[in-house]
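Just so you know, we're using this note's numbering here: the sequence shown kicks off at 162 and counts up by one.
C-beta atoms are modelled at their ideal positions from N, C-alpha and C, and glycine is treated no differently.
What you are looking at is a predicted structure, and each value in this text was computed from that prediction instead of being measured.
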Amino acid sequence: MDEEWDVLVVGAGPAGSGAGIGAAEAGAKTLVIDRKKEIGTPVQCGEVIGKSLLEMCGITLPSSAICGRQAYTRFLLDRRLMINNHEDYWASVTVERKILDKHLAQKAAMCGAVVQADTRLVSLEMDGDMIREAELVHRGERIWVKPKVVVAADGVHSTISKLTGRRVYPEGEVANGVEFELVSKTNLPPCMQIFLEPEIGLGYGWIIPKGKRRANVGLGIVGEVKGRSTLLRDWIETNPLVSRYFDMDGVLEVKSGEAPIPGYSGGPWKGNILFAGDSAGQTLAFVGEGIIPSFACGRIAGSVASLASKSGDLSLLRKYDGILAESMGEELRLGAGIKDLIVRTWMRPDISFSTKVVACGLLMCDCLDPDDLFRMTRDELMETTTLSSIRERLAASSRNIKVSPVHGR
């Protein structure tokens, strides 16, 4: 392996492969490394992508990676209200991450980047905030490389963040998720289902179809969660809206992971390092969706890294934040704002858990204006979260969203 590189990308998830593509396309000598022996494994997310994000970013998925398409999203609130949101924003695509991640890494290689799995970063030689050399373990062999610019796309627990003294996410800014890929007992409805209920707490559950009789079924909860697999199993078995489709006799895969939910912090950079993807909190914080935001942000990081490294002017790294703000900033800021208000509502001591759940669900599925929720008193919130009030509001908006009691399915 060569010693000197224009751009070193650490991590070959969507953000890292995006950075590899962006840097290589711009002509930089680029190395992309990933500590896993197989890129794309283990799967650590729900594998769902908002269709509108694909359109906004101009991304076409390979047909081999697509295993499901959902025309709408169903929100099940407090096990008593069902909201079917048919607005375009809530259409989605389910992917096989193992296939998608390899496809993106392959694309980076085809653009000219060198991609190496089973290669991990172990130490750095620093000059102030500048990385001068990086020590790697490449399939058991220790080597040193000298990058001009580094893109840190190495996830929630970023090794580069730890080695450079950058702040890492505390417990309250990480959502812990666990899911089982299950075979269903009957055909699933053609939608993603999101569950908010007191039994889950600050977080939500999901059923994400991967075909008519297969789905990811999981829980994502803010903060540390012990015994996640047991908690999920008990939820599946005791929730009547979930157990009608699933039991524990058809578990195809167990997946777990963590997603940052701090909110939008722009395009972080330090010295000759750009941070992208989960290491930079570049997710839609209120739902934890990070695949496409991470890829899009990583690609921008790679392009800027190439520009700075080839010109020899590292001050050009400052462009990352501005370009990112123009392309993805509004979407990421909106997601962060919704997340903050959900957390604030959940922490209110003056309303019941049932009211909290419904109010947060209405906010999440865009059936309640954030400014209205922020100003509401306890009595106003209780009235707003009744079935009749929700129906009246939706009827006045003329939007393609339907609400019904769960038993009216």
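Boundaries (first-last residue) of the alpha helix (DSSP H) holding residue i
{"i": "R552", "result": "548-558"}
{"i": "E541", "result": "539-545"}
{"i": "T191", "result": "Note, T191: premise wrong, no alpha helix (DSSP H); beta strand (DSSP E) at 191-194."}
{"i": "L495", "result": "491-507"}
{"i": "P566", "result": "No alpha helix (DSSP H) contains P566, which is instead part of the beta strand (DSSP E) from 562-566."}
{"i": "A420", "result": "That residue, A420, is in no alpha helix (DSSP H); its beta strand (DSSP E) goes 412-421."}
{"i": "V519", "result": "514-525"}
{"i": "L402", "result": "401-404"}
{"i": "E186", "result": "175-186"}
{"i": "V460", "result": "The sequence as given places Arg at residue 460; Val does not occur at that position. Counting along the chain, the alpha helix (DSSP H) containing R460 begins and ends at 452-472."}
{"i": "S485", "result": "The question names Ser, but residue 485 is Leu in the sequence shown. From DSSP, the alpha helix (DSSP H) with L485 extends over 480-485."}
Cβ-Cβ separation, residue j to residue i (assumed contact under 8 Å), whole Å
{"i": "L534", "j": "A557", "result": "Actually they do not touch by this definition, with Cβ atoms about 17 Å apart."}
{"i": "K307", "j": "E165", "result": "5 Å"}
{"i": "G201", "j": "K263", "result": "5 Å"}
{"i": "E332", "j": "G384", "result": "5 Å"}
{"i": "Y330", "j": "V317", "result": "6 Å"}
{"i": "E286", "j": "R293", "result": "5 Å"}
{"i": "I227", "j": "F236", "result": "Wrong, their Cβ atoms sit about 24 Å apart, outside the cutoff."}
{"i": "W507", "j": "L363", "result": "5 Å"}
{"i": "L169", "j": "A270", "result": "Not really, about 15 Å apart at Cβ, beyond 8 Å."}
Identity of the residues DSSP links to residue i by a beta bridge
{"i": "I210", "result": "V254"}
{"i": "W396", "result": "Beta-bridge pairing links W396 to no other residue."}
{"i": "H318", "result": "Per DSSP, none; premise fails for H318."}
{"i": "F143", "result": "With the chain covering only 162 through 570, there is no way to say anything about residue 143."}
{"i": "T391", "result": "T391 is not bridged to any residue."}
{"i": "I355", "result": "F236, W367"}
{"i": "E286", "result": "E294"}
{"i": "L242", "result": "L238, P566"}
{"i": "Q231", "result": "S253"}
{"i": "R281", "result": "V298"}
{"i": "K431", "result": "I434"}
The beta strand (DSSP E) enclosing residue i, as first and last residue numbers
{"i": "P308", "result": "302-313"}
{"i": "D167", "result": "165-171"}
{"i": "V275", "result": "275-277"}
{"i": "L534", "result": "Here L534 belongs to no beta strand (DSSP E); instead the alpha helix (DSSP H) covers 531-536."}
{"i": "Q443", "result": "Where Q443 is concerned, there is no enclosing beta strand (DSSP E), given that its DSSP letter is neither H nor E."}
{"i": "F341", "result": "335-344"}
{"i": "R375", "result": "375-383"}
Cutoff 7 Å; reference residue i; Cβ partners in own chain excluding five residues on either side
{"i": "D315", "result": "V171, G172, I321, S440"}
{"i": "Y365", "result": "I355, F356, L357, G381"}
{"i": "T516", "result": "L542, M543, T546"}
{"i": "A376", "result": "L343, S345, L349, I368, I369, P370"}
{"i": "E199", "result": "A278"}
{"i": "M489", "result": "P454, A457, C458"}
{"i": "G449", "result": "A336, G381, A420, I422"}
{"i": "K471", "result": "D167, G188, A189"}
{"i": "E163", "result": "In the sequence as presented, Glu is not what sits at residue 163; that position holds Asp. If we look at D163 and ignore the five residues flanking it on each side, it has no Cβ neighbours."}
CB of residue i within 8 Å of CB of residue j, strictly
{"i": "A497", "j": "Y481", "result": "no"}
{"i": "A266", "j": "A437", "result": "no"}
{"i": "T255", "j": "P370", "result": "yes"}
{"i": "I107", "j": "P175", "result": "In the structure as shown, the chain begins at 162 and stops at 570. Residue 107 is therefore absent and cannot be evaluated."}
{"i": "K268", "j": "S390", "result": "no"}
{"i": "K190", "j": "A278", "result": "no"}
{"i": "V275", "j": "V193", "result": "yes"}
{"i": "I499", "j": "F447", "result": "yes"}
{"i": "L112", "j": "L548", "result": "Shown here, the chain extends from 162 to 570; a query on residue 112 therefore has no answer."}
{"i": "I503", "j": "R539", "result": "no"}
{"i": "V518", "j": "N433", "result": "no"}
{"i": "L261", "j": "L222", "result": "yes"}
{"i": "F341", "j": "L402", "result": "no"}
{"i": "V567", "j": "R240", "result": "yes"}
{"i": "A232", "j": "C352", "result": "yes"}
{"i": "L555", "j": "C528", "result": "yes"}
{"i": "G211", "j": "G372", "result": "no"}
{"i": "S426", "j": "G442", "result": "yes"}
{"i": "K416", "j": "Q205", "result": "yes"}
{"i": "I551", "j": "H247", "result": "no"}
{"i": "P531", "j": "L523", "result": "no"}
{"i": "Y406", "j": "T444", "result": "no"}
{"i": "W396", "j": "E360", "result": "yes"}
Close Cβ partners of residue i (< 8 Å) along its chain, the five nearest in sequence each way excluded
{"i": "S213", "result": "D249, Y250, A252"}
{"i": "G289", "result": "G432"}
{"i": "L478", "result": "V310, W430, N433, L435, V465, A466, A469"}
{"i": "M217", "result": "E492"}
{"i": "R460", "result": "G179, A180, I182, G183"}
{"i": "L215", "result": "T221, L222, V254, I453"}
Cutoff 8 Å: residue i Cβ touching any chain D Cβ
{"i": "L392", "result": "Considering every chain present, this structure includes no chain D. It has just one protein chain."}
6 Å Cβ shell around residue i - same chain, five flanking residues per side excluded
{"i": "T280", "result": "I194, L297, H299"}
{"i": "A185", "result": "T191, C272, G273, A274"}
{"i": "R570", "result": "Low per-residue confidence applies at R570: pLDDT is 43, beneath 50, and the placement is therefore not dependable, though the value from the model is reported in the following sentence. So no residue of the chain qualifies."}
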